[in-house]
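Below is one structure; the comments refer to it alone.
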Amino acid sequence: MIPKRVMGVETEYGLTSATTTGEPSILTGEEAAQLLFRKVVEWGRSTNTFLSNGSRLYLDVGAHPEYASAECVSIDDLVALDRAGDLIYQSMVDEANASLEEQSSTERLHLIKNNVDSAGNSYGCHENYLLRRRRDFRSRVDSLVPFFVTRQVLTGAGHIRRQPDGASFELSQRADQMWDAISSASTRSRPIVNTRDEPHGDMEKYRRMHVIVGDTNMSQTTTALKFAMTEMLLVLLEDGVIMPHLKLADPMKAIRNISHDITLKTKVELEEGGSRTALEIQREFAELAHSHYDSHGYKSELDATRLMLANLWLEGIDALEKGELEKLSTKLDWVAKLNLLDRYRTKAGTGWDDPRLARLELAYHDISPTSGLFTTMTNQGLLDRLVTEETAQHFTSNAPTTTRAALRGRFVKAATEARRDYMVDWMNLRLLEADGARTVILKDPFSPVDDRVDELLEHV
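The working numbering applies: residue -7 is where the sequence shown begins, and numbers increase by one.
Written out as structure tokens, the structure reads:
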């Protein structure tokens, strides 16, 4: 039987301001962030708070709004919670802009769901996967580095890369920002996998794999595929399967070279000699995963979404190898964006360095239904939808029912409605009272029920 796995996604948004008159905005990043979080601070007394959907909403270093989804065992729930984060933040943007309009200000805020700004500053999208604790954590992660370096051919968000000698389209926004394969640092060296040991659960049982190499995706299918592919390989590792011997001679050089070549023909050097394309490396991992799932009968246990994504992994490789991008144009972010930009570029007869293309790329990542393109492209069938907007809206105020997040969400909702003082983090629920605090520690991320929480809620 396939073991359940808790997963979550953290998204850092780019926050920018513009005027309705076309004049330069005079708002600083810090001022824009204060406007965005004004209502949150009013009811939560902080720019760092947990929500009734079990997720965390906060302002990160550098005035970056961030949203960390609640723990999920379902990929459908994960995608819905990720979209719920967009809806929550867009409602905050709408409130801030309404306030600016009331003040007769021409300034307006925009949230951009991407990974790099016009000045070259990078911000991330982090994936979290629960692993059973073992002593060989480092070696297991090492064996996945070639997979993470090459995964961008399927999960990259696409990017116009601007250089002094011109501009070009590449696969990934994050590839040029990575500086290490594995490290305990996250901002200083920007590794593919961060090894800081924070399981947010029972330390004797669990370890968290914190992946920070991935792009932020607008495509729901690409978001889901990113997690499904990685989850399949983690099942293999925990079953004791030896990963393909594909250690790269220079992972950081490889990740950049792969990203810069949208023909996908570039070969990267292996430490033991020889070379492979990114698609060849992905195929080795994908075929091994499928073979293991077939031989163990795991395919029959997969839900419809996971089975579709498992098949898409191989189907995507096949289509990319044959150059049949049209088969993936509604599923993969970089292909959808390339199609969009290429149509405009052809019509306008312009090069990749045209500033109008830069504005169009920004609109692709703008989460606003009016100034962004996501809603329009989805409604026109240019991007596939995995979860309905109604489902995503439900998850703006409700937590997944199959993990510990359900307990956190119930507590936050009850304490907020009762106007009680409380503190919450991933493991702790704390009700603050005059004579001290009532605390419940939730070590099991898989448990959506707990008698101690029921007692705490009765007290609330």
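All C-beta atoms in this analysis are idealised placements derived from N, C-alpha and C, irrespective of residue type, glycine included.
- Assignment of Phe140 by DSSP, reduced to helix, strand and coil, places it in the helix class.
- Below 8 Å, enough C-beta pairs join the segment 142 to 150 and the segment 211 to 224 to call them touching: three or more.
- The beta carbon of Pro236 lies closer than 6 Å to those of Glu276 in the same chain, with the five residues before and after it left out.
- As the crow flies, the alpha-carbon of Ile(-6) is around 7 Å from that of Val227.
- Judged by their CB atoms, Ser9 and Ala25 are not nearer to each other than the 7 Å cut-off.
- Per DSSP, Gln155 is not a residue of any alpha helix (DSSP H); the beta strand (DSSP E) it occupies stretches across His151 to Gln155.
- According to the DSSP secondary-structure assignment, Gly343 is paired through a beta bridge with no residue.
- Within the model, the alpha-carbon separation for Arg396 versus Ala302 is close to 27 Å.
- In the three-state DSSP reduction, Ala62 falls in the coil class, being neither helix nor strand.
- For the beta strand (DSSP E) assignment, the uninterrupted runs of no fewer than 3 residues enclosed by the segment 26 to 78 are, from N- to C-terminal side, 40 to 42, 48 to 52 and 56 to 60.
- Distance from Met210 to Tyr356 at the Cβ level is roughly 7 Å; contact confirmed, criterion being Cβ atoms closer than 8 Å.
- Secondary structure of Gly21 (DSSP, three-state): helix.
- Residue pairing from DSSP places Lys259 in a beta bridge opposite Thr269.
- For the set Pro191, His151, Glu447 and Ala270, the Cα lying nearest the Cα of Val327 is the one of His151.
- The three-state reading of DSSP puts Glu190 in coil, since its state is none of H, G, I, E or B.
- Rounded to whole angstroms, the gap between the alpha carbons of Ile309 and Thr297 is 18 Å.
- The bridge partners DSSP lists for Phe161 are Ile152.
- In its chain, beyond the 5 residues on either side, Leu7 and Ala55 have a beta carbon closer than 7 Å to the beta carbon of Gly21.
- Here DSSP, grouped into helix, strand and coil, assigns Glu196 to coil.
- For the pair Gly401 and Gly46, the Cα-to-Cα distance works out to about 4 Å.
- Secondary structure of Glu264 (DSSP, three-state): coil.
- Leu43 counts as buried, since no fewer than 16 other beta carbons sit within 10 angstroms of its beta carbon.
- If the five residues before and after Phe139 are omitted, its C-beta is found closer than 7 Å to the C-beta atoms of Leu225 and Phe277, all from its own chain and listed in chain order.
- One alpha carbon belongs to Lys329, the other to Asn390, and they sit about 32 Å apart.
- With fewer than 16 other Cβ atoms inside 10 Å of its own Cβ, His451 counts as exposed.
- Counted as a single uninterrupted DSSP element, the stretch harbouring Met235 is not any beta strand (DSSP E), since DSSP gives it neither H nor E.
- When DSSP states are grouped into helix, strand and coil, Ile250 belongs to the helix group.
- Asn420 has Ile433 as its beta-bridge partners, per DSSP.
- Under the three-pair Cβ rule at 8 Å, the segment 264 to 272 does not count as touching the segment 27 to 35.
- For the 7 Å CB-CB criterion, Val137 and Pro243 form a contact.
- For Ile174, there is no enclosing alpha helix (DSSP H); the residue is part of the beta strand (DSSP E) that begins and ends at Asp172 to Ser175.
- The DSSP assignment places no complete beta strand (DSSP E) segment of no fewer than 3 residues inside the segment 291 to 356.
- Distance between Ser321 and Ala350, taken at the CA atoms: about 20 Å.
- In this structure, the straight-line span from the alpha carbon of Gln274 to that of Val260 is close to 13 Å.
- Around Asp69, the same chain offers Pro392 as residues with beta carbons nearer than 6 Å, after the five sequence neighbours per side are excluded.
- By the neighbour-count criterion, in which 16 or more other beta carbons inside 10 Å mark a residue as buried, Met84 falls on the buried side.
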